[in-house]
Amino acid sequence: MEYAIATKDLTKRFGNFTAVDKLTISIKKGEIYGFLGPNGAGKSTAIRMLCGLLEPSAGSAVILGYDLLKETETIKSNIGYMSQKFSLYDDLSVLQNLNFYAGIYSVPGQERRKRIRELIEISRLAGRENELVANLSGGWKQRLALSCAIIARPSIVFLDEPTSGVSPTSRRVFFNIIQDLARSGMTVMVTTHFMDEAERCNKIAFISSGRLLSVDTPENLKRNSLQGHLVELDIPHAPERTEEFEALPYVKDCSIHGPLLHILLEKEEYERDLYEYTGVKAQAINPSLEDVFVSLAKSRRVGENHA
Ligand SMILES: Nc1ncnc2c1ncn2[C@@H]1O[C@H](COP(=O)(O)OP(=O)(O)OP(=O)(O)O)[C@@H](O)[C@H]1O
Ligand SMILES: [Mg+2]
């Protein structure tokens, strides 16, 4: 099995602060690999190292068969990168931006028109070719930024929170495009805070405080990550009562989901004790990815406090 990306103990320190701590991951070709974690977890830092934009403090990585430390320039010319704050030129049109990036990425002159036509098709940008970027809505800008990032047909594209600040409809369209790209063989590494997007990744890596806590398919994470019996409880003043429930001996975990509480019981039989305590019948539910991540993030914090 050949991996598009394989890292070993990749680490980034800023002074004596460790932003990415011994990250070891492998990503298959054509996979959509989601990077999730709280703010400051180290997602952008990891991506910037993998793109050759930031020098690792320790560890190694092989990207498309090239050594990240020794063959950085070759790697750079085979990947695309869309940063958290995508850089388009507001005072240029859609076409002018695409042409500009075609120049930056040295797409040969005779191929440019064909490639730009393709990208306008792939990215659903038709009809807006001559519009100034300043006049485009977030979803269109985002699809244009993606097109600019992949204009040179990279084998891997890194997308750092590509859908923040974009409408839910545009986010879905954007992910459809990502899935098309992956089907065509492109490897996609994407960071997101949205669970519906995480669900559409082939693999999800969850990192917190620079460390990889879990990596698996969305299905396996939901099936295997929570040890216990999960229920949903609809009670008054739910948001203020998580600590109260966590103090109960048979409750492993309690978190807020909108107006409801999700409570992880040690065992199913404790549903009865919970009912006696609250007078409200709880509903057994299947864990969502959100439940998994809340639980992972909490276990990490507990670990830190005990360290
Ligand atoms: N150049 C730098 N110098 C010092 N510290 C940095 C630098 N870049 C990032 N950090 C720190 O490293 C940590 C990880 O930052 P990073 O941007 O990688 O997180 P992230 O997971 O992308 O977060 P977000 O979800 O907010 O984008 C943060 O604590 C950040 O302040
Ligand atoms: Mg970031």
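Take the position in the sequence shown, starting the count at 1, then add 17; the result is the number in this note's numbering. The beta carbon of each residue, even a glycine, is placed where N, CA and C say it ideally should be. For clarity, every value in this text was computed on a predicted model and none was experimentally measured.
Check	Outcome
Report yes if the C-beta distance between Ile168 and Ala119 is below 7 Å; otherwise report no.	yes
Grab me the residues of Ala36's own chain with a C-beta within less than 6 Å of its C-beta, minus the 5 sequence neighbours each way, in chain order.	Lys29, Gly59, Thr62 and Gly227
Using the three-state DSSP reduction, which class does Leu53 fall into: helix, strand or coil?	strand
Ala218 bridges to which residues according to DSSP?	The sequence as given places Cys at residue 218; Ala does not occur at that position. Its beta-bridge partners do not exist; DSSP assigns none.
Check whether the segment 79-98 and the segment 239-254 touch, using three or more Cβ-Cβ pairs below 8 Å as the test.	no
Quick check on the DSSP output: the beta strand (DSSP E) that includes Cys165 runs from which residue to which?	Looking at the DSSP string, Cys165 is not in any beta strand (DSSP E); the run it does join, the alpha helix (DSSP H), is Gly155 to Ala166.
Lys239 by DSSP, collapsed to three states: which one?	helix
For Ser74, which residues from the same chain have a beta carbon less than 6 Å from its beta carbon, with the 5 sequence-adjacent residues on both sides left out?	Thr28, Lys29 and Arg30
Within the continuous beta strand (DSSP E) that includes Phe326, where are the two ends?	Any question about residue 326 goes unanswered here, given that the chain covers just 18 to 324.
Among Val111, Ile49, Arg145 and Pro179, which residue has its Cα nearest to the Cα of Lys102?	Pro179
Tell me which residues share the same chain as Glu48 and place their Cβ nearer than 8 Å to its Cβ, disregarding the 5 neighbours each side in the sequence.	Ala21, Ala199, Thr204, Val205, Asn219 and Lys220
In chain order, what residues of the same chain have a beta carbon less than 8 Å from the beta carbon of Asp26, not counting five sequence neighbours either side?	Lys39, Leu40, Thr41, Ala75, Gly76 and Ser77
Determine whether the beta carbon atoms of Tyr98 and Phe175 lie at a separation below 7 Å.	yes
Which residues does DSSP list as the beta-bridge partners of Gly182?	Note: Gly182 sits in no beta bridge, so no partner.
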